Structures are given as C-alpha cells and as structure tokens.
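Student: One structure follows; several queries about it will come next.
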Amino acid sequence: MNSIISKINIELKRVFKEHGYDDTYAFISISNRPELADYQINSCFNIAKLIKKNPIEVANDVAELVKDLKVDNINAFVKCEACPPGFVNLILNDKLLILSVEDMLSDIALGIAGKDILPVDAPKCILLDYGGANVAKPLHVGHLRVAVIGEALKRLYNRLGIKTISDVHLGDFGLQMGLVIEELKDENMVDSFSITDLETIYPKASLRAKGDKNKNIEPDLEFNDRAHEATKKLQNNIEPETTIWKKILKVSIDDLKIRYGELNVFFDYYYGESTVKDIMGPMVDTMIKKGIAYESEGAYVIDVKEDTDKKEMPPCIVRKSDGAVLYATSDLATIMFREENFDVDEYVYVVDKRQNLHLTQCFRASKKAGLLKKDKVFHHVEVGTMNGKDGKALKSRDGGVFKLETLIKDAKDKALNQLKDNNRDLNGLDENDIAKKIGIAALKYGDLSNSPTRDYIFDLEKFLSFQGNTGPYILYTLVRIKSIFEKIGISKIDKVNDVKCDAIVHNIFLKAIKYGDILLDAYKNYDTSIICKYIYELSDDFNSFYHEHSIINETDEHKKLLYIVVCSIVDRIVRDALSILAIEIPDKM
Ligand code: ARG
Numbered sequence: 051m052n053s054i055i056s057k058i059n060i061e062l063k064r065v066f067k068e069h070g071y072d073d074t075y076a077f078i079s080i081s082n083r084p085e086l087a088d089y090q091i092n093s094c095f096n097i098a099k100l101i102k103k104n105p106i107e108v109a110n111d112v113a114e115l116v117k118d119l120k121v122d123n124i125n126a127f128v129k130c131e132a133c134p135p136g137f138v139n140l141i142l143n144d145k146l147l148i149l150s151v152e153d154m155l156s157d158i159a160l161g162i163a164g165k166d167i168l169p170v171d172a173p174k175c176i177l178l179d180y181g182g183a184n185v186a187k188p189l190h191v192g193h194l195r196v197a198v199i200g201e202a203l204k205r206l207y208n209r210l211g212i213k214t215i216s217d218v219h220l221g222d223f224g225l226q227m228g229l230v231i232e233e234l235k236d237e238n239m240v241d242s243f244s245i246t247d248l249e250t251i252y253p254k255a256s257l258r259a260k261g262d263k264n265k266n267i268e269p270d271l272e273f274n275d276r277a278h279e280a281t282k283k284l285q286n287n288i289e290p291e292t293t294i295w296k297k298i299l300k301v302s303i304d305d306l307k308i309r310y311g312e313l314n315v316f317f318d319y320y321y322g323e324s325t326v327k328d329i330m331g332p333m334v335d336t337m338i339k340k341g342i343a344y345e346s347e348g349a350y351v352i353d354v355k356e357d358t359d360k361k362e363m364p365p366c367i368v369r370k371s372d373g374a375v376l377y378a379t380s381d382l383a384t385i386m387f388r389e390e391n392f393d394v395d396e397y398v399y400v401v402d403k404r405q406n407l408h409l410t411q412c413f414r415a416s417k418k419a420g421l422l423k424k425d426k427v428f429h430h431v432e433v434g435t436m437n438g439k440d441g442k443a444l445k446s447r448d449g450g451v452f453k454l455e456t457l458i459k460d461a462k463d464k465a466l467n468q469l470k471d472n473n474r475d476l477n478g479l480d481e482n483d484i485a486k487k488i489g490i491a492a493l494k495y496g497d498l499s500n501s502p503t504r505d506y507i508f509d510l511e512k513f514l515s516f517q518g519n520t521g522p523y524i525l526y527t528l529v530r531i532k533s534i535f536e537k538i539g540i541s542k543i544d545k546v547n548d549v550k551c552d553a554i555v556h557n558i559f560l561k562a563i564k565y566g567d568i569l570l571d572a573y574k575n576y577d578t579s580i581i582c583k584y585i586y587e588l589s590d591d592f593n594s595f596y597h598e599h600s601i602i603n604e605t606d607e608h609k610k611l612l613y614i615v616v617c618s619i620v621d622r623i624v625r626d627a628l629s630i631l632a633i634e635i636p637d638k639m
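Numbering-wise (this note's numbering), the sequence shown opens with residue 51 and increments by one.
Here it is in structure tokens:
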C-alpha cells in the first residue's frame, strides 16, 4: 500500500478508536465508482450491524469524523460525503497526492518494497520451474508462453524482495535421446553435428521409428528397438551412447541459451530430467520398501487420491512393468534433488495446463513419500495455449510445428517494415536493433497481456499495432516522454508548489499511487497480465494528457513543473513494470 494511504489509515484508526468505533473497520478502499470518488469507506455496514443502527446514519457520523482528517498537516480529503445506503465517498486532496507522487519519485524503488506490502507469511525463496525445452528438438511456439510468463513472475518476485531459483528443467532424457543417437550413428555424424543437423535428425528418426500410415511409411522396428536399447544404455552410463548424448546436450543447450537470451529469459540452472537419472532408481526402491509405492499390474504406483477430489485422480506410476522410469519418476526425483540442494519455501511450475494432472500427481506423491523437508506450497501456473486465427493450435505453413525462431523473425521483419512504411525519424539509430526490440516486445506483451491460463489467438498484426493494449503502444509512450524530456532539457525535478490538478492529472496521480497494490495483486494471483492492464491504462491516460496539454510550451512555471512530474511518474512506473516483464525499450521508434 502506498505510504500516504497507510498514513491515512493510521489516522483513521485513531479517530475511530477515539469515538468508540471498532478500529479494525478503519480503512479506506479504492472506489469502484471512480466517477464519484477516489476512495471509499465501506465498513459502515458492518459497524451498523454491530451497533444496530441504520448504515446511512453511521456513514453520516463517520463522514463527519473523517472530513477534517489530516496527514502530515494537510487535509486528506477535499470531499468526504456519506452516500446511501451507507458508503463514505472520498476525494483525495491534490496537495497530498502530489506529495505522495513526489515521495515515489524520490526513491529508486518508487517507495515500493516487498517487506512493506507482502503478507507476513510470504515465502522467502521461490523455485521456478519454467521453460521446459526439449533437447534436440527446436523450441516451438508452445515454449514461448511458459518462458516469458515464468521470467516475468521471477522478476516480480525479485522486485518484491523474494529470492528466486530458476530452473529450465530440460527434457533431456528418454526415448527421444535414443532416437537421435541411433539416427546420428546411421548417418555417420556422431563426431560432428550442429544444431541445424539436430533439428532435422529428430523428426527423421521419429518418423522412421513410428512410421506414418497417411504417407505409407512402415515403422522401422529394428531401428525402434535400437533406440530403446540406446536409451537404456544412457540410464546405465554405457559408452559410446553416453558421450554422444553429452555432445547433443552441449550443442542443444548452447543454442537454447541464445534463443532464450533473445527473449530476455535467463535461468540460474540448465538442469534437466537427466540431472536426476542416477537417483530415480534408488528413490523408487525406497518408496517400495516403505510401502508408499506398491505393485499394480506389474508396475509400481503411488495412490494420490484425496477425499475432496471432484475429478478422477489415477495413481502416480513411478516404475513401468519393464522396469523403465517415467516422466513422473523424473519429476519426483527432481523434487527430491531440489529439496536436497536448495532451501525453498514455495515451488512455482509454469507449465502447459494440459500437464495439470501429471503435476498434481507429482506434488501429492512427493508429500506422501516424505520427499519434503517441511510442508510447502506447490503452485502450477496452468498456462493456456496460443492458437492461430482459426482458433486451432498454431501450425507452420507446411502444417508442422511452428518454430519459435520463425515467429521471432516474423515479428522483427514486420516491425522493420512498419518503421520503413511510416518513415520514422530514427535519428541515425540502428533500425534493425529498434525493429528487433519492437518485434520482441510485441510478441512478449501480446502473450503477457493475456492471463496465463487463457488460450489466446495469436495475431501478430494486432500485437504490432501502435494502438491499443500492445507492446509497441507502451513503448511508444516511453519514447514520447523521452523526447519531451530531451526538448525541455531537465536535469532535476523541483518540488511542485501549490498547484491544483485538473481531472486528468488527478487521475494519473491516483493511478500512480496504486502501483504497489497492482504488484501485490499480480503476485497473489500469479498473473502478470494485471501489470500489463495497469500500464496500458496508465499509458492511455498519459497520452490523453499529452494531447490535451501543451507541456513544452507551457508558460506558467508551476504548471509546467506539475506536467513534468506527470511525465516522470508515468515514465518511472512503466519502465519499472517493463523491467519486470523483461521487455526492452528502444530509444526511438
Ligand atoms: N519438457 C516438458 C514439455 O515440453 C515440460 C517440462 C515441464 N516441467 C516439469 N517439471 N515437468 O512438455
């Protein structure tokens, strides 16, 4: 909560207590009727019930008590009115608002620190599992959302002072590796291959093993057997498969770091399923010994059903009848590994929502198997899919999976064309670099502005538009402010003296002081789209302000100063928010 609002609440408590009202009801809330009030006191209804009075009577009484409330010797409200059936509507004094905004500007963190706004039991350290790329397969569009949302959540936690550990959790084990290894052998490529080679090898090997009825391709059973054999060898560290596999990992991870880097996504650890390959077997043995995993139709399973379950909850299979491990085994062993190596209070998995059953099974099984050092929160941010304009999963032109690389290139190219078409004056700056920033901002913002769980339609033209809730619109607002500052040539901002704000300035300041609440809301809901919505509205208000005011040519020095404060606070908040969203800002556009 903003410091001025908390000061008001402290004063309110004092007044309530003085007049015999229960002070737990002494707080102001953001008004849901902004045309009538900035803030409201909504608790008169509760008080009325308690003391058996009519709510409007209580509201009248409270309004009388509160109307002259002072904070830092300034009247807090210019309007304080009881309103039927029992609200108290409040309009903040501009003077106090300006002070509050100046307070924010004087602090590098805009006066927002996690320790002041987070609940007392908030976690100290969160481990984020996001990204989830698969080795030797190119990143596809499905990997975009989990990467950008995960990165934004990580930065939000850091912004609020919560320590994070980020792990990409690679899919680097299992049959896909055996397939790639055998195909590389057959093509005499084990000694030297590039990422481009790998990208063609996997689909080839997969087609060979599975065949394709539609194309009249028979499965190559001998090859399939060899791939299974190679996968087993990996599990037992047998050569040369293990060395080839390590080489595949290196080539793949080097490339992934570049791809994720382009999106401003960075991980502390490039661990994967294979990190726990040697502890999976003993872990399952222990589970069997303890009676937590039991035999069912030859396989070993853990029951994870709970009485309150509304949906079917099948047991979690940890060992197949042929002795092989599964996806769940590696996730369970990963939890064990993380518990051993890190001190974590909460786990946040940013993963496709279609994996919710799998993750729920794993979370429950880990608790049941006693893998956790202490009870802790597991949260699955269930990420929805990105669909094409036809509402179906996005496919490439040839009907195959859509590569992320293609998507990024498209966005950059289109942004460059837009810059060229609009004949933007870029002041000699590198237009390719600017187009890249705009393109990636468009992609990322298009994604982040949709609530994580929602499926959304991928529409690059819309995302690239300079109008509406888009990345370029937000960036353009910042570029506009930068150019105002350059034209005015300010180095430091003086204190604003005694200026009345017009409605639009008042409104911008009112929004500005809510920034901390917005971050808290995004944190509580694991939803960074809340931040997008907020900066969009703030930018929109700013742009109306810009069109209605002549900032640079304002002759009244007091007013001009006020306008500079408006520019500064919008600039600082939006920049702060974009650094959370991991979106880069061009100097011109
Ligand atoms: N590699 C997986 C996939 O592409 C995602 C991994 C998600 N994280 C996890 N701990 N299971 O589907």
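Where is the CB? At the ideal position from N, CA and C, for every residue including glycine.
Just so you know, these numbers come straight off a predicted model, no measurement behind them.
If you follow the beta strand (DSSP E) that C2 is part of, which residue opens it and which one closes it?
Tutor: Since the displayed the chain opens at 51 and closes at 639, residue 2 lies outside it and no answer follows.
Student: Less than 7 Å separating the Cβ of A179 from some heavy atom of the ligand ARG?
Tutor: The sequence given here has Asp at residue 179, not Ala. Yes.
Student: Residues bridged to D262 by DSSP?
Tutor: Answer is I267, bridged to D262.
Student: Please classify E232: is it buried, with 16 or more other beta-carbons within 10 angstroms of its beta-carbon, or exposed?
Tutor: When all chains shown are included, E232 counts as buried.
Student: Enumerate in chain order the residues of its own chain whose CB-to-CB distance from V394 is below 6 Å, with the five nearest sequence positions on each side excluded.
Tutor: Same-chain partners within the cutoff: C175, L177.
Student: Can you have a look at A553 and say buried or exposed, based on whether 16 or more other CB atoms are within 10 angstroms of its CB?
Tutor: Exposed: under 16 other Cβ atoms inside 10 Å.
Student: Can G182 be considered in contact with the ligand ARG, in the sense that its beta carbon sits closer than 7 Å to one or more heavy atoms?
Tutor: Yes, Cβ of G182 sits closer than 7 Å to a heavy atom of the ligand ARG.
Student: Closest to I167 by C-alpha separation, out of F413, K307, R209, would be which residue?
Tutor: Ranking the options by Cα distance to I167, first place goes to R209.
Student: Measure the alpha-carbon distance for I524 versus S589 and round it to whole angstroms.
Tutor: Spanning the two alpha carbons is a distance of roughly 6 Å.
Student: Count the other CB atoms within 10 Å of the CB of A461; is the residue buried (16 or more) or exposed (fewer)?
Tutor: Classification for A461: buried.
Student: Can you tell me whether A159 is buried or exposed? The criterion is at least 16 other CB atoms within 10 Å of its CB, across all chains shown.
Tutor: Per the 10 Å Cβ criterion, exposed.
Student: Does the Cβ of T605 have 16 or more other Cβ atoms within 10 Å, making it buried, or fewer, making it exposed?
Tutor: With fewer than 16 Cβ atoms within 10 Å of its Cβ, T605 is classed as exposed.
Student: Among E272, K296, R388, D505, which one has its Cα closest to the Cα of V326?
Tutor: Comparing Cα-Cα distances from V326 to each of E272, K296, R388, D505, the minimum goes to R388.
Student: Looking only at C-alpha atoms, which of I245, E432, S371, C133 sits nearest to Y180?
Tutor: It is E432 whose Cα lies nearest to the Cα of Y180.
Student: What's the gap between the Cα of I543 and the Cα of L466?
Tutor: Their Cα atoms are separated by approximately 36 Å.
Student: Does at least one heavy atom of the ligand ARG sit under 7 Å from the Cβ of T384?
Tutor: T384: yes, Cβ under 7 Å from the ligand ARG.
Student: Skipping 5 residues on each side, what residues in its chain have a beta carbon closer than 6 Å to that of L570?
Tutor: Cβ within range, chain order: I167.
Student: Does the ligand ARG have even one heavy atom less than 7 Å from the beta-carbon of V401?
Tutor: Indeed, a heavy atom of the ligand ARG lies less than 7 Å from the Cβ.
Student: Give a yes or no on whether the C-beta atoms belonging to Y506 and M436 are separated by under 8 Å.
Tutor: Yes, they are a contact pair.
Student: Could you say which of G136, K532, Y89, L454 lies nearest to N104 if we only look at CA atoms?
Tutor: Of the candidates G136, K532, Y89, L454, the one whose C-alpha sits nearest the C-alpha of N104 is G136.
Student: So I490 and L313 are in contact, right, with Cβ under 8 Å, and what is the actual spacing, rounded?
Tutor: Sure, about 7 Å apart at Cβ, within 8 Å.
Student: CB-CB under 6 Å to K370, same chain, minus the five flanking residues each way: which ones, in chain order?
Tutor: Closer than 6 Å at the Cβ level, and outside the excluded window around K370, lie A349.
Student: Would you check if there are 3 or more beta carbon pairs closer than 8 Å linking the region 626 to 636 to the region 589 to 604?
Tutor: Verdict: no, contact absent.
Student: For chain B, is any of its Cβ atoms less than 8 Å away from the one on A113?
Tutor: Given the protein chain composition of this structure (a single chain), no chain B is represented.
Student: Thinking S416 and I458 are a contact (beta carbons under 8 Å), I'd like their distance in whole angstroms, please.
Tutor: Not really, about 36 Å apart at Cβ, beyond 8 Å.
Student: Using DSSP's beta-bridge definition, name the partner residues of K120.
Tutor: Per DSSP, N125.
Student: Under 6 Å Cβ to Cβ from F66, same chain only, skipping five residues before and after it: list those, please.
Tutor: Excluding residues within five positions, the ones whose Cβ falls inside 6 Å are D73, A76.
Student: Does the ligand ARG have a heavy atom nearer than 7 Å to the CB of H190?
Tutor: It does not: the Cβ of H190 is nowhere closer than 7 Å to a heavy atom of the ligand ARG.
Student: Across the region 252 to 265 and the region 357 to 370, are there enough close Cβ pairs to call them in contact, namely three or more that are closer than 8 Å?
Tutor: Too few Cβ pairs lie closer than 8 Å, so no.
Student: Is it right to say D305 is buried, meaning 16 or more other beta carbons lie within 10 angstroms of its own, or is it exposed?
Tutor: With 16 or more other Cβ atoms within 10 Å, it is buried.
Student: Quick check on DSSP: helix, strand or coil for S641?
Tutor: Because the chain spans 51 through 639 in this model, residue 641 falls outside it and cannot be assessed.
Student: Spell out a yes or no on whether the region 317 to 337 and the region 263 to 271 are touching, meaning 3 or more CB-CB pairs, one atom from each, closer than 8 Å.
Tutor: No: fewer than three Cβ pairs fall under 8 Å.
Student: Measuring CB to CB, does M154 end up less than 8 Å from A562?
Tutor: Yes, Cβ-Cβ distance for M154 and A562 is below 8 Å.
Student: Can you tell me whether L271 is buried or exposed, with buried defined as 16 or more other CB within 10 angstroms of its CB?
Tutor: So L271 counts as exposed.
Student: Tell me, please, which residues DSSP counts as bridged to Y350.
Tutor: DSSP output for Y350 lists E345, R369 as bridge partner(s).
Student: Can you grab the Cα-Cα spacing for the pair G311 / D262, in whole Å?
Tutor: If you take the alpha carbons of G311 and D262, they lie about 36 Å apart.
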